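What follows is a single structure, written as structure tokens, with notes after it.
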Amino acid sequence: MSPSPEPITTSELHDDIFGSSPNSPILSGHQENENDIDIPAHVLSTANSERSDIPRLRSTHVTNGYRDGISVSKAEHVQHGFDEGFSLGAVIGIKSGFLLGVLEGIVRAIQASATIATEAKEDVIAKFVLARSELGLQSLFGREWFGEDGIWKFDVKGKNEEEVTFRDVADAHPLVDKWVKEVENLKKKFGFEIQARARPDGDEEDETTS
Numbered sequence: 001m002s003p004s005p006e007p008i009t010t011s012e013l014h015d016d017i018f019g020s021s022p023n024s025p026i027l028s029g030h031q032e033n034e035n036d037i038d039i040p041a042h043v044l045s046t047a048n049s050e051r052s053d054i055p056r057l058r059s060t061h062v063t064n065g066y067r068d069g070i071s072v073s074k075a076e077h078v079q080h081g082f083d084e085g086f087s088l089g090a091v092i093g094i095k096s097g098f099l100l101g102v103l104e105g106i107v108r109a110i111q112a113s114a115t116i117a118t119e120a121k122e123d124v125i126a127k128f129v130l131a132r133s134e135l136g137l138q139s140l141f142g143r144e145w146f147g148e149d150g151i152w153k154f155d156v157k158g159k160n161e162e163e164v165t166f167r168d169v170a171d172a173h174p175l176v177d178k179w180v181k182e183v184e185n186l187k188k189k190f191g192f193e194i195q196a197r198a199r200p201d202g203d204e205e206d207e208t209t210s
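Going by full-length UniProt numbering, the sequence shown runs without a break in its numbering and finishes at 210.
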């Protein structure tokens, strides 16, 4: 009688299906020396890759820091420019608003007058319409008069060679100057007396441009 075959173990059956793995590491619950651990090659390549990423990350941080510094610097200078531009815009706005108010008053006065010819009335109305356009925001602060940096392109002279103020800039604006003269001519032509209300001392109009 032939000897009965030895029973096939689960491990042998596993090897028949997937192939034996004699070189596979045997895991145990205790490692005698942690320094003897073999690190697979793909893990080593990953570690080297991480070390090689350090210069790139450093460069990225430097670049981001530079950009942040530029942004902060720009914000500070833009805010300063905005503060100065706001003050100048307010002065020019006050003057243009006053001129439009005077012109509107003249229009209403001549329309109510029976002694002024229709042609003269229509001429004043046409000037008022033109003034509303030329003393508007887009016209007053257009590129013809101001650069992209907010600096005016027209000549401005301080009174008595003193430091230039926002009032001086507003008075020197070609459109403001034009309509100041137009209003003066209309006042003389029709005999109107128009006075501006006095402003308190220390008005923002006297703030210097420096």
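By construction, the Cβ of each residue, glycine as well, lies at the ideal position given by its N, Cα and C atoms. Given the structure is predicted, the values throughout are model-derived calculations rather than measurements.
Query raised in the report: Where does SER113 land, buried or exposed, given buried means 16+ other C-beta within 10 angstroms?
Result: For the purposes of this step, residue 113 is taken as residue 113 along the sequence shown, with counting starting at 1. Classification for SER113: exposed.
Query raised in the report: Can you tell me the Cα-Cα spacing of ARG108 and LYS121, whole angstroms?
Result: By 1-based counting over the sequence shown, the position of residue 108 is 108. By 1-based counting over the sequence shown, the position of residue 121 is 121. Using only the alpha carbons, I get a separation of about 10 Å.
Report task. Please classify ARG143: is it buried, with 16 or more other beta-carbons within 10 angstroms of its beta-carbon, or exposed? Result -> Position 143 of the sequence shown, counting from 1, holds the residue named residue 143. Exposed, by the Cβ-count rule.
Query raised in the report: What three-state label does DSSP hand THR118 in the structure shown?
Result: One-based indexing of the sequence shown puts residue 118 at position 118. In this structure, THR118 counts as helix in the three-state DSSP scheme.
Query raised in the report: Is the CB-CB distance between ILE92 and LEU140 below 8 Å?
Result: Locating residue 92 in the sequence shown gives position 92, where the first residue counts as 1. Locating residue 140 in the sequence shown gives position 140, where the first residue counts as 1. Taking 8 Å as the Cβ cut-off, ILE92 and LEU140 qualify as a contacting pair.
Report task. Report yes if the CB atom of PRO174 is closer than 8 Å to the CB atom of PHE154, and no otherwise. Result -> Taking the sequence shown and counting its residues from 1, the one referred to as residue 174 is at position 174. Taking the sequence shown and counting its residues from 1, the one referred to as residue 154 is at position 154. Yes.
**Report entry** Below-8 Å beta-carbon distance, ALA90 vs any chain D residue
**Finding:** Judged by its chain identifiers, the structure shown contains no chain D, having just a single protein chain.
Query raised in the report: According to DSSP, is TRP145 helix, strand or coil?
Result: Locating residue 145 in the sequence shown gives position 145, where the first residue counts as 1. Residue state, collapsed to three classes: coil.
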